[in-house]
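Below: the structure, in structure tokens.
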Amino acid sequence: MISSTCSPTLSFTQPKAVMMIRAVRNPKALEKTTSLKMHSSPLKSMKTSILHFFSNFIDPPLNPSVDPTHVFEGNLAPVDEMEPTDCEVIEGELPLCLNGVYIRNGPNPQLQPPRALNLFEGDGMLHSLRLSNGKATYCNRYVKTYKYLVEKEVGFPIFPNMLSGLYGLLDVARLSIFIKRLVTGNLDILKGIGVANTSVAVVSGKLLALCESDLPYIVNVTQNGDIETLGRWEIDKNLHSNMTAHPKVDSETKETFAYSWNFKTPHLTFFRIDEKGVKQNEVPIFSVHRPSIIHDFAITKRFAIFHETQLSFSLSKVLTGRGSPLVYEPDKTTRIGIIPRYANSDSKMKWFEVPRFNASHIVNAWENGEDEIIVVASNILSLENFLDSMKLDVVLEKVKINTQTGNVCRNLLSTRKLDLGSINTSYMGKKTRYAYLGVIEEAPKMSGLVKIDLETGDEVGRRFYRDDCFGGEPLFVRRNVGDDEDDGFVMTFVHNERTDESMFLLMDPKSPDFATIAAVKLPRRVPYGFHSLFFTNSEIPN
Numbered sequence: 136m137i138s139s140t141c142s143p144t145l146s147f148t149q150p151k152a153v154m155m156i157r158a159v160r161n162p163k164a165l166e167k168t169t170s171l172k173m174h175s176s177p178l179k180s181m182k183t184s185i186l187h188f189f190s191n192f193i194d195p196p197l198n199p200s201v202d203p204t205h206v207f208e209g210n211l212a213p214v215d216e217m218e219p220t221d222c223e224v225i226e227g228e229l230p231l232c233l234n235g236v237y238i239r240n241g242p243n244p245q246l247q248p249p250r251a252l253n254l255f256e257g258d259g260m261l262h263s264l265r266l267s268n269g270k271a272t273y274c275n276r277y278v279k280t281y282k283y284l285v286e287k288e289v290g291f292p293i294f295p296n297m298l299s300g301l302y303g304l305l306d307v308a309r310l311s312i313f314i315k316r317l318v319t320g321n322l323d324i325l326k327g328i329g330v331a332n333t334s335v336a337v338v339s340g341k342l343l344a345l346c347e348s349d350l351p352y353i354v355n356v357t358q359n360g361d362i363e364t365l366g367r368w369e370i371d372k373n374l375h376s377n378m379t380a381h382p383k384v385d386s387e388t389k390e391t392f393a394y395s396w397n398f399k400t401p402h403l404t405f406f407r408i409d410e411k412g413v414k415q416n417e418v419p420i421f422s423v424h425r426p427s428i429i430h431d432f433a434i435t436k437r438f439a440i441f442h443e444t445q446l447s448f449s450l451s452k453v454l455t456g457r458g459s460p461l462v463y464e465p466d467k468t469t470r471i472g473i474i475p476r477y478a479n480s481d482s483k484m485k486w487f488e489v490p491r492f493n494a495s496h497i498v499n500a501w502e503n504g505e506d507e508i509i510v511v512a513s514n515i516l517s518l519e520n521f522l523d524s525m526k527l528d529v530v531l532e533k534v535k536i537n538t539q540t541g542n543v544c545r546n547l548l549s550t551r552k553l554d555l556g557s558i559n560t561s562y563m564g565k566k567t568r569y570a571y572l573g574v575i576e577e578a579p580k581m582s583g584l585v586k587i588d589l590e591t592g593d594e595v596g597r598r599f600y601r602d603d604c605f606g607g608e609p610l611f612v613r614r615n616v617g618d619d620e621d622d623g624f625v626m627t628f629v630h631n632e633r634t635d636e637s638m639f640l641l642m643d644p645k646s647p648d649f650a651t652i653a654a655v656k657l658p659r660r661v662p663y664g665f666h667s668l669f670f671t672n673s674e675i676p677n
């Protein structure tokens with residue numbers, strides 16, 4: 136048994152200089168700070184107004200959604216790494232047939248950010264549980280990205296948090312310092328700028344940690360359960376190289392379909408990777424006229440499916456210090472685009488208007504005959520306050536598109552706030568009966584999970600965790616190839632906010648209440664995170 140002591144939870148406090156600047160927003164605090172005596176009431180009021188103006192121009196107050204002292208608190212507070220540690224099974228038994236690794240990605244800032252940092256930009260940290268012959272070994276490690284290594288060496292954040300945005304003159308000045316380092320050769324963004332904190336996938340025999348602002352990083356889980364970062368997967372040498380955090384793998388052809396995005400035209404570029412890991416010709420999608428947020432997409436047997444949302448990027452907002460680059464466009468009509476998987480250009484892309492379709496994640500898509508495409512997705516009804524509150528108004532929808540007539544039919548499958556869904560991955564791009572989704576409390580933490588019959592729209596399984604307990608993405612893992620679609624396991628990490636303890640929960644997907652198969656007590660608090668994966672040794676040749 137390998138033991139380890141848990142390092143203290145990291146916490147963020149504002150730097151003294153920032154606290155001094157913000158003191159000017161409080162006249163009493165200002166008077167104490169500067170010992171300034173103001174006897175004339177009009178003069179005092181005028182000076183206070185002037186100071187307020189300049190303080191807001193230099194260092195405006197942060198929205199709680201990008202204030203790291205607010206975002207990364209509670210069970211989102213960062214934790215230190217832990218070496219492989221054996222765990223105790225506290226309920227039930229781990230099936231002897233379940234041998235492999237459950238691994239989940241998520242944000243875990245290694246350093247106190249100087250200013251704004253939202254949930255999606257913390258450094259990537261992997262939490263894994265190696266299951267072998269009924270025993271479990273836990274480990275968590277940072278993904279050693281180029282950004283992580285550079286900032287660890289210098290001891291303070293260097294890379295700008297572009298999604299969080301720049302707020303005021305101080306942030307613009309910090310950006311200029313970053314640019315100066317680039318010009319002087321002290322930084323090389325060709326080596327990457329991303330945090331690899333969003334998802335995990337197996338592509339062409341490689342285990343990848345991904346985020347859409349960069350290329351993936353290759354990682355490995357050793358036989359004793361440790362996690363290693365092997366390096367960035369250099370599948371593309373272009374300056375602005377990146378890849379979606381949600382690549383789609385065809386279980387029959389072993390090909391991987393993916394895309395990249397850019398601030399400049401073409402904003403969207405579609406490509407595929409063959410079974411050997413060789414990137415094939417890119418297909419620029421010029422019919423996407425603005426850099427819209429496209430976090431996920433889908434494939435079917437013949438097509439790839441994209442969607443344009445009402446959320447787009449504005450680089451000018453960042454460069455002028457006006458906050459996040461995200462812009463909500465309420466008057467924009469959202470679209471779904473369908474293109475053949477092996478198209479050589481975007482000339483065969485067909486777009487269909489689907490108003491207010493802002494898919495956070497696409498559960499699956501498939502073809503119904505020659506002319507009909509079916510898409511099942513979690514749809515965010517309003518993106519107006521997307522970053523201000525993670526209590527999203529999300530519904531599960533089924534969209535049917537006739538590619539010949541252009542007719543679009545939409546069906547509401549559930550009014551619950553459901554997201555982070557999973558399916559039996561052998562049904563990727565094929566007609567699917569069941570989906571497993573988390574019930575959103577406040578993303579990314581889930582108060583429970585449900586099983587939805589996508590054919591009838593019925594909720595055929597549900598489980599809500601105990602009071603003060605919250606889980607993450609419910610991951611379905613099939614038992615054997617060729618078994619019933621819902622024959623397998625559902626797994627997730629669950630945290631008790633009252634006791635501050637975490638566990639791994641293995642559940643029965645055929646049970647209407649997701650009965651517990653096994654519960655494993657984890658040796659440390661596991662923060663809430665994003666997407667997960669289960670893989671066996673046979674899926675990773677090395």
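Just so we're aligned, residue 136 is where the sequence shown starts under my numbering, counting upward by one.
Even glycine gets a Cβ: it sits at the ideal position worked out from N, Cα and C.
Fair warning: this is a prediction, and the values are worked out from it, not measured in the lab.
Best match in the options for proximity to residue i [C-alpha to C-alpha]
i	options	result
Ala512	Asn546, Ala494 and Leu233	Ala494
Val629	Leu365, Leu640, Asp221 and Ala212	Leu640
Ala336	Lys411, Leu345, Ile328 and Gly329	Leu345
Leu322	Gly360, Asn359, Gly303 and Tyr283	Tyr283
Leu531	Asn546, Gly303 and Met642	Asn546
Asp86	Asn559, Asn296 and Lys565	Residue coverage of the chain in this structure runs from 136 to 677, which leaves residue 86 outside it and unanswerable.
Asn243	Val661, Val655 and Ser667	Val661
Leu518	Val418, Thr444 and Thr634	Thr444
Val498	Pro475, Thr272, Asp466 and Phe441	Phe441
Ile587	Ile536, Lys645 and Gly606	Lys645
Val278	Ser267, Val307, Gly596 and Leu365	Leu365
Asp215	Glu363, Ile471 and Asn275	Asn275
Leu246	Glu218, Ile238, Val224 and Glu286	Glu286
Asp643	Val625, Glu594 and Ala380	Val625
Arg633	Ser549, Gly209, Pro196 and Gly596	Gly209
Trp396	Ile408, Thr379 and Glu387	Thr379
Asp385	Ile408, Thr404, Lys399 and Tyr394	Ile408
Pro382	His496, Gly327 and Asn296	His496
Thr220	Ile675, Asp602 and Leu264	Leu264
According to DSSP, residues forming a beta bridge with residue i
i	result
Gly472	Phe441 and Trp486
Leu678	A query on residue 678 cannot be resolved here, the shown segment of the chain reaching from 136 to 677 and no further.
Trp368	DSSP, once it has assigned bridges, lists no residue as partnering Trp368.
Pro242	Gly259
Leu264	Tyr237 and Tyr273
Lys535	Ile509 and Cys544
Val616	Its beta-bridge partners do not exist; DSSP assigns none.
Asn514	Ala494 and Val530
Gly606	Met581 and Val629
Gly458	Leu301
Phe362	As written in the sequence, residue 362 is Ile, which differs from the Phe given in the question. Partner(s): Val356.
Under the three-state DSSP convention, the category residue i falls into
i	result
Pro143	The predicted model places Pro143 with a pLDDT of 45, which falls under 50 and marks its position as unreliable, so this point remains unresolved.
Ile675	coil
Pro219	strand
Lys326	helix
Lys172	At Lys172 the pLDDT is 44, less than 50, meaning the model places this residue with poor confidence and gives no usable figure here.
Phe492	coil
Ala308	helix
Met626	strand
Leu317	helix
Ile156	At Ile156 the pLDDT is 43, less than 50, meaning the model places this residue with poor confidence; the figure from the coordinates comes in the next sentence. Helix, per DSSP.
Ser339	coil
Ser637	strand
Tyr302	strand
Leu165	With a pLDDT of only 40 at Leu165, under the threshold of 50, the placement of this residue in the model should not be trusted, and no figure is reported.
First and last residue of the uninterrupted beta strand (DSSP E) at residue i
i	result
Asp258	No beta strand (DSSP E) contains Asp258, which DSSP labels as neither H nor E.
Asp207	The residue you asked about is not Asp; residue 207 is Phe in the sequence shown. Taken as a continuous stretch (DSSP letters only), Phe207 belongs to no beta strand (DSSP E), as it is neither H nor E.
Val585	Lys580 to Asp588
Phe294	First-last for Phe294: undefined, no H or E at that position.
Tyr600	Counting along the chain, Tyr600 falls outside any beta strand (DSSP E), and DSSP gives it neither H nor E.
Asn355	Tyr352 to Val356
Val462	Leu461 to Tyr463
Residue span of the alpha helix (DSSP H) that contains residue i, given as start and end
i	result
Val285	Tyr281 to Val289
Checklist line | Contained alpha helix (DSSP H) runs [length at least 4] in the region 539-576, N- to C-terminal order | finding: none
Margin query: Which runs of the beta strand (DSSP E) at least 3 residues long sit entirely within the region 372-455? Give them in chain order.
Written below: 391-396, 403-408, 418-420, 438-443 and 446-448
Item checked: Start-end ranges of the beta strand (DSSP E) lying completely within the region 640-669, minimum 3 residues -> 651-656
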